[in-house]
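Heads up: the structure comes next, in structure tokens.
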Amino acid sequence: MSLLPVVLAGGVGSRLWPLSRQLHPKQFLSLDGGLTMLQQTLGRLDGLDTQAPIVICNEEHRFLVAEQLRQIASDNRHILLEPFGRNTAPAIALAAIAATQDDDDPLLLVLAADHQVQDIAQFHDSIKKAQSLADLGYLVTFGVVPTCPETGYGYIQQGPSLGPGFGVRRFVEKPDAATATIYLESGDYLWNSGMFLFRASRYLQELERFHPDMRHACHQAMVKMEYDLDFTRIGKDAFAQCEDISVDYAVMEKTQHAAVVPLSARWSDLGAWSSIWELSDKCEAGNSYHGDVIQTDTRNTMLRSESRLVAAIGLEDLVIIETKDAVLVADRHKTQDVKKIVERLKAEGRDEFNNHRVVYRPWGRYESVDRGQRYQVKRITVNPGAKLSVQMHHHRAEHWIVVSGTAEVTNGEATYLVCENESTYIPIGRIHALKNPGTLPLELIEVQSGSYLGEDDIVRFEDQYGRV
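So for the sequence shown, full-length UniProt numbering puts the first residue at 1; every next one is plus one.
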């Protein structure tokens, strides 16, 4: 029987700030200039006998997911939208219920969208071993064979042999360095990868045993589901009754049927910048580079530039990450603490918590170029065939200057084309819309002027993306 991949894409990746943001977290980023982490997760399934995947994400990330699946021509089964995060146990329950709705009962291969696996052959081999145990009714997790006394991961202690895997003696929390060293030397402990394989009905049976209220709430949420474009929306009120709890705590640590299959596939959850430095190609001095960087007399340092020159002199054991609106400088051994900075940004209501200067929308993207009192300048890109909502603003007027492509503009009762090097003006309170009727991206500069320039000053009347 083929596997049904379930890809969990709902995290925020706060420890990879400033590259990862609340509205554009790490699973949707390309860290190496190629495919994004979500796309790589789906790509490493090639060669396995799998069904179209279920992707679970937060509602505010839905268009990012849809666009990234479209880019790799992924034939997804569902994009399940969580109205808010409730951790992995309820998310997997939603997928299991969706998977069994048509009297089917597949094996669920549960993967995180933000992990890295470098040895795909070994990854596939471990999945096949886990499949034989899941066919016997085990709930299987994958334990990464440790290569160092890592303190950033939880551990799994192996129990008796089960042939291709082992029973689980216990799960343990992230240890201190001394304890991690003991675990490594014993040979009995594996890193907890957070990936699983089990039959959908078996997971629901165990969830019913240990958390019947959650099982019922997820069932009710799926009863209330609605289809919206590429997305499946669940019942918000029912889902709100679910406890915020991981699958480890809810089921795996309690069940008598847990098994673990060792995984030696050069895996990482890329949970901090130090993890990315460790996996990166480095020069003889131990430095890793990305973008426009220059260094001298610098060792064991990560230098990443997204938009401008970064120069380093006489540094050691640092991480320097530059983006258009923020720069992170951190001790390489303390990058787990980046989340403390993110918590402060959130508490202070700063834009750097939520978004980059480049913001992605279902129709394309925009970049904030300049902002001052009563004005704001944006660079807008509209994808071929895409259209912004029919909308109006109470507090701002807009000037549009087309840089490349052709714009179809609705301005009140009139609809007309604006070509390269031409412009148009949208007064305050005027109902308007913007469309790219061409086959190439439409690029334009938007100058906003008015007493209030917030993104919430949008009244939508029509929208092909369901945002009215």
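Think of the CB as a built atom: it goes at the ideal place given N, C-alpha and C, for glycine as much as any other residue.
What number of angstroms, rounded off, separates the C-alpha of residue i from the C-alpha of residue j?
i: residue 246; j: residue 194; result: 10 Å
i: residue 89; j: residue 204; result: 10 Å
i: residue 384; j: residue 177; result: 53 Å
i: residue 297; j: residue 19; result: 26 Å
i: residue 431; j: residue 441; result: 24 Å
i: residue 506; j: residue 10; result: Here the chain has residues from 1 to 468 only, and residue 506 is not among them.
i: residue 201; j: residue 58; result: 24 Å
i: residue 403; j: residue 380; result: 10 Å
i: residue 450; j: residue 377; result: 12 Å
i: residue 100; j: residue 214; result: 17 Å
i: residue 196; j: residue 212; result: 21 Å
i: residue 15; j: residue 444; result: 34 Å
i: residue 115; j: residue 217; result: 29 Å
i: residue 477; j: residue 38; result: Here the chain covers residues 1 to 468 and nothing more, so residue 477 does not appear.
i: residue 326; j: residue 13; result: 16 Å
i: residue 463; j: residue 434; result: 11 Å
i: residue 220; j: residue 4; result: 22 Å
i: residue 105; j: residue 45; result: 20 Å
i: residue 281; j: residue 453; result: 43 Å
i: residue 258; j: residue 398; result: 59 Å
i: residue 226; j: residue 316; result: 54 Å
i: residue 171; j: residue 262; result: 14 Å
i: residue 26; j: residue 65; result: 12 Å
i: residue 318; j: residue 108; result: 40 Å
i: residue 310; j: residue 401; result: 32 Å
i: residue 8; j: residue 337; result: 24 Å
i: residue 248; j: residue 154; result: 11 Å
i: residue 260; j: residue 275; result: 24 Å
i: residue 162; j: residue 175; result: 27 Å
i: residue 312; j: residue 333; result: 18 Å
i: residue 415; j: residue 96; result: 48 Å
i: residue 130; j: residue 268; result: 19 Å
What is the C-beta distance between residue i and residue j, in whole angstroms, given that I count them as a contact (C-beta under 8 Å)?
i: residue 210; j: residue 265; result: That pair is no contact at about 30 Å.
i: residue 287; j: residue 299; result: 7 Å
i: residue 184; j: residue 149; result: 5 Å
i: residue 135; j: residue 158; result: Not a contact, Cβ separation roughly 21 Å.
i: residue 144; j: residue 133; result: Not confirmed; about 17 Å, so no contact.
i: residue 126; j: residue 50; result: Actually they are not in contact, since the Cβ atoms of residue 126 and residue 50 sit about 15 Å apart, beyond 8 Å.
i: residue 79; j: residue 6; result: Rounded, the Cβ-Cβ distance is 12 Å, inconsistent with contact.
i: residue 439; j: residue 419; result: Contact flag wrong, Cβ pair sits at about 15 Å.
i: residue 190; j: residue 156; result: 5 Å
i: residue 273; j: residue 323; result: Not quite, the Cβ-Cβ distance comes to about 13 Å (not below 8 Å), so this is no contact.
Going by DSSP, what residues sit across from residue i in a beta bridge?
i: residue 226; result: 233
i: residue 98; result: In DSSP, residue 98 forms no bridge with anything.
i: residue 344; result: DSSP output for residue 344 lists no bridge partner at all.
i: residue 392; result: 459
i: residue 435; result: 387 and 408
i: residue 81; result: 57 and 233
i: residue 153; result: Paired residue(s): none; residue 153 is not in a bridge.
i: residue 487; result: The chain is shown from 1 up to 468; residue 487 falls before or after that span and cannot be answered.
i: residue 249; result: None; residue 249 has no bridge partner.
i: residue 268; result: 116
i: residue 161; result: 166
i: residue 417; result: 408
i: residue 397; result: 449
For residue i, would you say it is in contact with chain B, using Cβ-to-Cβ distances shorter than 7 Å as the test?
i: residue 61; result: Among the chains in the structure shown there is no chain B, since it carries only a single protein chain.
Does residue i come out as helix, strand or coil in the three-state DSSP assignment?
i: residue 402; result: strand
i: residue 61; result: helix
i: residue 446; result: strand
i: residue 468; result: coil
i: residue 351; result: helix
i: residue 426; result: strand
i: residue 262; result: strand
i: residue 358; result: strand
i: residue 451; result: coil
i: residue 50; result: strand
i: residue 24; result: strand
i: residue 372; result: strand
i: residue 215; result: helix
i: residue 170; result: strand
i: residue 14; result: helix
i: residue 147; result: coil
i: residue 8; result: strand
i: residue 29; result: coil
i: residue 3; result: strand
i: residue 243; result: coil
Just to check, is the beta-carbon of residue i closer than 6 Å to a non-hydrogen atom of the ligand COA?
i: residue 96; result: Looking for the ligand COA in the displayed structure turns up nothing, as the structure carries no ligands at all.
**Study point:** Minimum length 4: unbroken alpha helix (DSSP H) runs contained in the region 178-211
**Key:** Listed in chain order, they are 200-210.
**Study point:** Ordered list of beta strand (DSSP E) runs contained in the region 272-338, each at least 3 residues
**Key:** Fully enclosed beta strand (DSSP E) runs of no fewer than 3 residues occupy 288-290, 293-296, 302-305, 310-313, 318-322 and 327-331 of the region 272-338, in order along the chain.
Practice item. Give, in chain order, every unbroken run of the alpha helix (DSSP H) that is at least 4 residues long and sits entirely within the region 104-144. Key: Whole alpha helix (DSSP H) segments, 4+ residues: 120-134.
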